[in-house]
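K.L.:
This structure is in structure tokens; I'll ask about it shortly.
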Amino acid sequence: MRKAIKTILALCAVTVLALSTFTLTVSAAPATTLQQMYGTLAEHTRGYEAVQARISGNTLTIHLYVNFQGAYNTKIGDQTYAALAKKGLRLWAGTYKGSQWDFKPGMSFTVKVNIHDIYKSAGRKPGQNYIDFVCKTSLDRSYVSQGVGYYNRELMGTNQGAIPDKRYLCGSIIMFSGISKRYTANQYIKTAAHEFGHVLGLGDLYNKGVAPTKECPGGAKYDKGDIMGAHGRVTANNIEMFLEAYKTNRYQAYVNSSLPEVKSRVIRSY
Ligand SMILES: [Zn+2]
26 MRKAIKTILA
36 LCAVTVLALS
46 TFTLTVSAAP
56 ATTLQQMYGT
66 LAEHTRGYEA
76 VQARISGNTL
86 TIHLYVNFQG
96 AYNTKIGDQT
106 YAALAKKGLR
116 LWAGTYKGSQ
126 WDFKPGMSFT
136 VKVNIHDIYK
146 SAGRKPGQNY
156 IDFVCKTSLD
166 RSYVSQGVGY
176 YNRELMGTNQ
186 GAIPDKRYLC
196 GSIIMFSGIS
206 KRYTANQYIK
216 TAAHEFGHVL
226 GLGDLYNKGV
236 APTKECPGGA
246 KYDKGDIMGA
256 HGRVTANNIE
266 MFLEAYKTNR
276 YQAYVNSSLP
286 EVKSRVIRSY
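Under the working numbering, read the sequence shown as residues 26 to 295, first letter to last.
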């Protein structure tokens, strides 16, 4: 009788153990963190670049050293070009989710944008590279002073590298006041965010003939599409392309086209 009770107790213990092991297995699959996937990025960061990024756990912090030039005090409504530009740069901040195309399914992480802004070079930190954000009052297409397909983060903010117009430093944002007519405040913000995407190493999505996917939601749609299209929103894929550019120091294009544009390996939906 005693022996039987002991056996039952032992069986119960096994069952409890099995149950707790099962519970442990289910809850012990913590979602992968950004840091587990990419490290801290310290090995890819020298410390003087105009764009620097750091990862801690599930937080990616992008630091941008930017020197505002030109008409940055000109206003749209009650906001200066500089204030609108910084809103645009900060559109890259937010919470993003992994999926079958980006990062890993089930994960979620935060991006912060830390802007180190100076004006007409006042208070420039010695030994630190800054890209210029040149605010123009004339109309034209805004662009980044670095040849399409070329990317070298260490040269940004210097007069070296693939610069089409030697008046500007490598990687500077040349921001016009509109294309055919003046930007609204929202258009100025979105355009700054799009140009910042080029500074982060991403190519253009618009006019590439790519059908929209959930990963890359369209090139032509204003607001609803991809920020690297016609000024949509920043997506998890945009962040993944930035991290790929950061690790490899290579331009991330949406399609293979004329050299040296090569489709990013982190685009998986087409
Ligand atoms: Zn563009």
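Quick reminder that beta carbons are idealized off the backbone N, C-alpha and C, glycines included.
Which residues mark the beginning and the end of the alpha helix (DSSP H) in which residue 214 is found?
P.N.:
Per DSSP, residue 214 belongs to the alpha helix (DSSP H) from 210-224.
K.L.:
How would you call residue 77, buried or exposed, if buried means at least 16 neighbouring beta carbons within 10 angstroms?
P.N.:
Buried.
K.L.:
Are there any heavy atoms of ligand 1 lying less than 6 Å away from the beta-carbon of residue 229, as far as the coordinates show?
P.N.:
For ligand 1, at least one heavy atom lies less than 6 Å from the Cβ of residue 229.
K.L.:
With which residues is residue 100 paired in a DSSP beta bridge?
P.N.:
DSSP lists 105 as partners of residue 100.
K.L.:
Do the CB positions of residue 196 and residue 224 come within less than 7 Å of each other?
P.N.:
In this structure, residue 224 lies closer than 7 Å to residue 196 by Cβ.
K.L.:
Tell me whether the beta-carbon of residue 57 lies closer than 7 Å to the beta-carbon of residue 129.
P.N.:
Yes, Cβ-Cβ distance for residue 57 and residue 129 is below 7 Å.
K.L.:
Is the distance from the Cβ of residue 135 to the Cβ of residue 84 below 7 Å?
P.N.:
Yes, Cβ-Cβ distance for residue 135 and residue 84 is below 7 Å.
K.L.:
Which runs of the alpha helix (DSSP H) at least 4 residues long sit entirely within the stretch 147-174? Give them in chain order.
P.N.:
Correct list: empty.
K.L.:
Using DSSP's beta-bridge definition, name the partner residues of residue 94.
P.N.:
DSSP, once it has assigned bridges, lists 159 as partnering residue 94.
K.L.:
My assumption, with CB atoms under 8 Å, is that residue 236 sits in contact with residue 295. Please give the rounded CB distance.
P.N.:
Rounded, the Cβ-Cβ distance is 7 Å, consistent with contact.
K.L.:
My output table needs one value for residue 261: the three-state DSSP class, helix, strand or coil.
P.N.:
Helix, per DSSP.
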